[in-house]
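Colleague:
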Amino acid sequence: MFKKILIANRGEIALRIIRTCKEMGIKTVSIYSKADADSLHVRFADEAVCIGPAPSSESYLNIPRIMAAVEITNADAVHPGYGFLAENSKFAEICRQSGVKFIGPTAEMIDKMGDKVTAKETMIKAGVPVVPGSDGLLKDVKQGIKIANQIGYPVILKATAGGGGKGMRIVHEDKEFESAWESAKKEAKASFSNDGIYVEKYVEEPRHIEFQIVGDQFGNVCHLSERDCSIQRRHQKLVEESPSPFMTPELREKMGEAAIKAAKSINYEGVGTIEFLVDKHRNFYFMEMNTRIQVEHPVTEEVIDFDLIKEQIKVAAGIPISGKSYFPTLHAMECRINAEDVCNNFRPSPGKITSFHSPKGPGVRVDTHVYAGYSVPPFYDSMIAKLICKARTREECITKMQRALDEFIIEGIQTTVPFHQALMKDEHFRSGDFNTGFMNTFDMDKCKEEL
Ligand code: MV4
């Protein structure tokens with residue numbers, strides 16, 4: 002087992018990793034930027050190294066500085082968390098070459114899934130369902146229009162280097178195709194320095210359902226059931242839950258099997274997520290694979306009573322998994338609490354938290370790095386806490402979430418708590434009748450009544 006893990010991250014996930022390391026008897030090293038000197042991840046780690054000024058490019062994204070911290074502290078493994086360098090294959094490779102274990106998959110696995118056309122080809126070979134579309138990258142507009150007519154409009158143009166919605170365009174007819182193509186290409190080039198575009202049938206009003214998987218170094222893969230992440234705004238998830246209200250035992254069986262096939266096809270090592278689009282007829286299609294621990298991992302931890310960070314560290318250390326898959330027997334839901342003003346288009350609201358009280362009680366978990374007196378810096382992600390509730394049924398879980406949201410006191414900044422309070426009252430949400438388009442029609446004025 003590792004003796005000392007350097008955590009190449011900040012915020013709640015850095016704390017989350019430190020906690021598991023402590024329980025496993027592993028020493029921890031935090032790195033931090035000048036903006037994070039007062040952060041709890043700095044206080045709770047055994048050692049902490051300031052690696053640079055506030056901008057991520059000079060701190061949490063700066064590989065040479067992080068490697069210097071690894072060297073001076075003699076850490077034998079690096080945990081990247083999520084975001085920052087978690088899916089950076091260069092970083093994973095530099096760690097490997099330096100003799101430090103990157104807690105996650107190999108650079109090759111990251112690259113295979115990071116390029117969407119390669120990932121899709123890999124899934125087709127593995128027998129995992131994908132959305133019908135072009136066979137690889139599109140050469141030109143003419144070929145694109147031809148394929149669009151074969152599969153039928155509407156279609157969606159996607160950047161092969163994409164993810165998170167950048168370089169994506171929905172096209173309804175031939176005459177829209179060229180301008181969509183030009184702007185998708187331009188956006189992809191600007192965002193990823195890669196303007197490769199492919200096309201597929203546009204799945205209307207899909208649900209986003211993802212499967213948590215774990216693979217070990219011996220080729221064993223299991224799934225830990227699904228999470229429904231359909232409540233999103235501009236590709237930012239707001240609420241996640243497990244099980245999905247749309248799931249059936251038959252569908253879970255089929256999707257779980259496909260998720261395992263997907264991970265096995267690349268000999269996947271580590272924790273990962275297979276994202277699927279699910280249409281209203283319960284057809285499902287591979288969308289992307291995330292080769293990291295995700296923000297919403299606690300939802301799965303709560304429904305199957307599992308420490309996913311511990312599992313991640315164990316497989317990285319070469320310990321085999323049991324290989325059996327898990328099914329949720331409880332219901333869990335996570336609300337992301339962001340420092341954002343929901344009445345002003347979710348505008349970031351950094352600043353000093355003057356008063357802070359987090360909800361407690363049976364079935365309530367809060368993963369956070371903030372406290373009264375903490376200043377939310379304007380440089381990073383605006384998520385300040387995750388409120389996770391679990392109960393025996395979805396209905397009880399929502400009731401508990403409402404109770405917990407009402408207990409939250411956060412003063413000095415605006416947060417997304419009022420949005421979640423309004424959402425929990427929404428009839429469509431409560432009945433499980435939603436898809437990824439939900440936020441397009443949600444009446445944000447309802448949040449005002451919660452202030
Ligand atoms: C799609 C789709 C419909 N049809 N692909 C969004 C981000 C990127 N990962 C892929 N995305 C989508 N791909 C086809 N063929 C709809 C989306 C999509 C979406 C997916 C999941 C969650 C939220 C979403 C919001 C808008 C669009």
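One rule links them: number in this note's numbering = place in the sequence shown (from 1) + 1.
Ideal placement from N, C-alpha and C gives every residue a C-beta, glycine not left out.
Is residue 143 a contact residue of the ligand MV4, with contact defined as CB to any heavy atom under 8 Å?
Modeller: no
Colleague: Please state whether the Cβ-Cβ distance between residue 129 and residue 263 is less than 9 Å.
Modeller: yes
Colleague: Do three or more CB pairs link the stretch 176–190 to the stretch 266–280 at distances below 8 Å?
Modeller: no
Colleague: Using only Cβ atoms and a threshold of 5 Å, which residues come within that distance of a heavy atom of the ligand MV4? Order them by chain position.
Modeller: 132, 157, 166, 201, 203, 204, 209, 233 and 437
Colleague: Assuming residue 293 and residue 88 make a contact with CB atoms under 8 Å, what is their CB distance in whole Å?
Modeller: 6 Å
Colleague: Can you name, in chain order, every residue of its own chain whose Cβ lies under 7 Å from the Cβ of residue 231, other than the five neighbours on each side?
Modeller: 208, 209, 435, 436, 437 and 439
Colleague: For a test of the three-state rule: what should DSSP assign to residue 295, helix, strand or coil?
Modeller: coil
Colleague: Would you identify the three-state DSSP class for residue 340, choosing helix, strand or coil?
Modeller: coil
Colleague: What residues are listed by DSSP as bridge partners for residue 271?
Modeller: 216
Colleague: Which residue from 348, 423, 441 and 108 puts its Cα closest to that of residue 382?
Modeller: 348
Colleague: Helix, strand or coil: how does DSSP classify residue 80 here?
Modeller: strand
Colleague: Measure the C-alpha to C-alpha separation of residue 38 and residue 20 and round it to an integer number of angstroms.
Modeller: 19 Å
Colleague: Using alpha carbons as the reference points, say which of 57, 50, 82 and 280 lies closest to residue 71.
Modeller: In terms of CA proximity to residue 71, 50 leads the group 57, 50, 82 and 280.
Colleague: Should residue 288 go down as buried or exposed, given a rule of 16 or more other Cβ atoms within 10 Å for buried?
Modeller: buried
Colleague: Go through its chain and collect everything with a Cβ distance to residue 1's Cβ below 6 Å, but skip five positions before and after it.
Modeller: For the chain, the structure presents residues 2 to 452; residue 1 sits outside this window and is missing.
Colleague: Roughly how many whole angstroms lie between the Cα atoms of residue 120 and residue 357?
Modeller: 43 Å
Colleague: Comparing C-alpha positions only, which one of 201, 253 and 261 sits nearest to residue 171?
Modeller: Looking at the Cα atoms, 201 is the closest of the given residues.
Colleague: Helix, strand or coil: how does DSSP classify residue 349 here?
Modeller: strand
Colleague: How many Å lie between residue 109 and residue 90 at the Cα?
Modeller: 7 Å
Colleague: Here's a check: name, in chain order, each residue in its chain whose Cβ is nearer than 8 Å to the Cβ of residue 166, leaving out the five neighbours to either side.
Modeller: 235 and 236
Colleague: What would DSSP say about residue 166, mapped onto helix, strand or coil?
Modeller: coil
Colleague: Cβ atoms of residue 426 and residue 297: under 9 Å apart, would you say?
Modeller: In this structure, residue 426 does not lie closer than 9 Å to residue 297 by Cβ.
Colleague: Tell me the rounded alpha-carbon separation between residue 379 and residue 59.
Modeller: 15 Å
Colleague: Taking the DSSP output, what are the residues bridged to residue 146?
Modeller: In the DSSP output, where bridge partners are listed per residue, residue 146 has none listed.
Colleague: Could you check the C-alpha separation between residue 254 and residue 211 for me, to the nearest Å?
Modeller: 13 Å
Colleague: Assign residue 290 to one of two classes, buried (16 or more other C-beta atoms within 10 Å of its C-beta) or exposed (fewer than that).
Modeller: buried
Colleague: So does the stretch 330–343 actually touch the stretch 414–421, counting three or more Cβ pairs closer than 8 Å?
Modeller: Contact between the stretch 330–343 and the stretch 414–421 is present: three or more C-beta pairs spanning the two stretches fall below 8 Å.
Colleague: Report the partner residues of residue 356 according to the DSSP bridge assignment.
Modeller: 412
Colleague: Over the uninterrupted alpha helix (DSSP H) stretch that includes residue 17, give me the two end residues.
Modeller: 12–25
Colleague: Could you pull the start and end residues of the beta strand (DSSP E) that residue 50 belongs to?
Modeller: 48–53
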